[in-house]
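Heads up: the structure comes next, in structure tokens.
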Amino acid sequence: MISMPFAAALAASVLSTSFVSGLFGMAGGMILMSLLLYLMPVAPAMVLHGITQIAANLARAWNLRQHIVRPVVVRYTAGALLAGVIVASGLVAPSKPVALIFIGLTSFAGLALPHRLTPNVTAPSQAIGCGTLCTGLQLISGVSGPILDLFFVRTALGRKEIIATKAAIQSIGHVLKLIYFGRLLLIEDGGISPLAVLLAIAAAVLGTLLSRGLLDALTDIGFALWSRRLIAAAAAVSLAQGLVLEFGSFR
């Protein structure tokens, strides 16, 4: 069983962040990660975040399935599987603070680059690299949103193609994260209430469906403008979290 205050906080957190992600294809997952880490320990938070994001992203991908750019999904998946092998083998294991600082600094640098130098997920080799980099960061820090968004923000894809394709590839990344942190949860002999899981899934799907009307009304120009602002905001949060974890609370 879960308490009513916890249930209300969980439902509100998942519903609101899924709505944001359904509208812009970004930011919601990172905000939710911070909220869940406040509500529960790390391993259960990572697992519940993975379950929630899989539900939300699958709902978005299905809702906009005709807009998915499938070659990007296939190439990203190849890179994601490579990252899973690398992280699981322990070949690369930077700390969470370093990963968060890297996400923040790299995202700001990417936004400042001229158009011709900005990462582009529609380029075959870059799609594979995106899958490797973003999935590796997900397994280390739990998030990779600003970096992933950077690969999409200056492509020629429309807003629905971006959201649909990102939803499909993020589902893959979150499945790998769920497997990775689910193993840790079993080792720690922890658990998550089934009611909390069902509540989170329902809120994630509902938030995604509620965002469709506003997405249809949003223009590609408006979407691109707000996407850059959200990337900057998410990068700032990531950088701040990493600095606090690495150097303390600055007191």
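Take 14 as the starting number for the sequence shown in the numbering used here and just add one per residue.
For each residue, glycine too, the CB sits at the ideal point set by N, CA and C.
Buried/exposed call for residue i, threshold 16 Cβ in 10 Å
i, result
"Leu170", "buried"
"Arg264", "Confidence is the limiting factor: at Arg264 the pLDDT is only 47, short of 50, which leaves the residue's position unreliable, though a coordinate-based value still follows. Exposed, because fewer than 16 other Cβ atoms sit within 10 Å of the Cβ of Arg264."
"Ala91", "exposed"
"Ile234", "exposed"
"Phe164", "buried"
"Gln79", "exposed"
"His128", "exposed"
"Met43", "buried"
"Met59", "buried"
"Tyr89", "buried"
"Ala72", "buried"
"Tyr4", "In the structure as shown, the chain begins at 14 and stops at 264. Residue 4 is therefore absent and cannot be evaluated."
"Ser31", "buried"
"Gly41", "buried"
"Thr232", "exposed"
"Glu259", "exposed"
"Ala247", "buried"
"Ser102", "exposed"
Limits of the alpha helix (DSSP H) - the one that residue i falls within
i, result
"Met46", "Gly41 to Leu52"
"Ser251", "Asp233 to Phe260"
"Ile15", "Where Ile15 is concerned, there is no enclosing alpha helix (DSSP H), given that its DSSP letter is neither H nor E."
"Leu170", "Unbroken run through Leu170: none, as it is neither H nor E."
Per-residue DSSP class, three states only, for residue i
i, result
"Thr30", "helix"
"Ala230", "helix"
"Arg264", "With a pLDDT of 47 at Arg264, under the threshold of 50, the modelled position of that residue is not reliable, and no figure is offered here."
"Leu77", "coil"
"Ile214", "helix"
"Val82", "coil"
"Ile205", "coil"
"Ile176", "helix"
"Ser184", "helix"
"Ala21", "helix"
"Ser224", "coil"
"Thr135", "coil"
Integer-rounded CB distance, given that residue j should sit under 8 angstroms from residue i
i, j, result
"Leu23", "Ala217", "In fact, because the Cβ distance is near 11 angstroms, the residues do not count as touching under 8 angstroms."
"Leu61", "Ala213", "6 angstroms"
"Leu124", "Ala245", "6 angstroms"
"Thr119", "Val85", "About 20 angstroms separates the two Cβ atoms, so there is no contact after all."
"Gln183", "Asn70", "5 angstroms"
CB contact below 8 angstroms: residue i versus chain B
i, result
"Ser240", "Reference to chain B is not applicable here, since this structure consists of a single protein chain."
Going residue by residue through the region 89 to 133, where are the continuous alpha helix (DSSP H) segments of at least 4 residues, counting only ones entirely within it? With a minimum length of 4 residues, the continuous alpha helix (DSSP H) runs that stay inside the region 89 to 133 are 109 to 125.
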